[in-house]
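In mature numbering (1 follows the signal peptide of the UniProt record, and there is no 0), the protein residues as written are -24 to -1, 1 to 117.
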């Protein structure tokens, strides 16, 4: 399993440091809600044929210029996710971050957001679980 985790980290690093992606065309980011809205425009979950739908959370910080500061860190993945599901969704998250950066911060937002960690949830499942089924166990990455 440690070997698989190393591969996932390598894939994420290659995606972030690789060829610059297209920046999402959007209005300037002036609020925290705008950050999440902007990232949603870049999110493309893997097709169901490649991975089952899961929820995944990444913690990421930005510098004043809107570029990613440090390394994004996956902090949550749905418990039922297989290794393949996790890999596909980690790649999709890193591609979304690549497409959306640099974040087009206004001057005021650049100062407010710089260096602060943001926990970004990428949800791709039903938001209201069936009340008759047992609660799912969370799996921390």
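Idealized CB from N, CA, C, for every residue including glycine. As the structure is a computational prediction, the values presented were derived from the model and not from experiment.
Spatial neighbours of residue 48 within its chain, please: CB distance less than 8 Å, with the 5 preceding and 5 following residues excluded, ordered by chain position.
-13, -9, 34, 35, 36, 69, 70, 73
Quick check: the Cα distance between residue 50 and residue 31, rounded to an integer number of angstroms?
Rounded to the nearest angstrom, the two C-alpha atoms are 11 Å apart.
Distance check for residue 81 and residue 17, CA to CA, integer angstroms please.
Pairing residue 17 with residue 81, the inter-Cα distance amounts to about 15 Å.
For residue 37, the residue or residues it bridges with in DSSP
45, 93
Span separating the alpha-carbon of residue 100 from that of residue 67
14 Å
Flag this pair as yes or no: are the beta carbons of residue 27 and residue 61 separated by less than 7 Å?
yes
Sequence-distant residues of the same chain with beta carbon closer than 8 Å to residue 39, five excluded per side:
Spatial neighbours of residue 39 in its own chain (CB-CB distance under 8 Å, excluding positions within 5 residues in sequence) are listed in chain order as 45, 90, 91.
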